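Undergrad: With this note's numbering applied, the sequence shown covers 1 to 87.
Ideal placement from N, C-alpha and C gives every residue a C-beta, glycine not left out.
In this text, all values refer to a predicted model and were calculated from it rather than measured experimentally.
I have a structure I would like to understand better, so I am pasting it below and will then ask my questions one at a time.
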Amino acid sequence: MSLNRTDAEQFARVLTESLPYIQRFTGKTMVIKFGGNAMTDPELHESFARDVVLMKLVGMNPIVVHGGGPQIGQLLNRLGIESRFVG
């Protein structure tokens, strides 16, 4: 991979911003909902797949699910686990 200076600086900036999250979530299991809206956009498929692979490479345990949002939310509430919707 050969980067020009601008790309290298951007790469370094993204890595620096990501490092605290990588450290915080390494070894954790992450449940990721890949919903119907995301499935209709081919560009999102590749981006999503790359993100899941990266999570695995840095030591996270991603689990991909489709649907079940309300049930997942209810279970997390019952267990006292705070969740955040990103979409």
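Just to confirm before moving on: does the CB-CB distance between M60 and K33 stay below 8 Å?
TA: No, they are not a contact pair.
Undergrad: From what residue to what residue does the alpha helix (DSSP H) around M60 run?
TA: That residue, M60, is in no alpha helix (DSSP H); it is neither H nor E in DSSP.
Undergrad: In the DSSP assignment, find the alpha helix (DSSP H) that holds T16 and state where it starts and stops.
TA: Looking at the DSSP string, the run of the alpha helix (DSSP H) that includes T16 is R5 to F25.
Undergrad: Taking Cβ to Cβ, would you say V31 is nearer than 8 Å to V52?
TA: It is not a contact, given that the beta carbons lie outside the stated cut-off.
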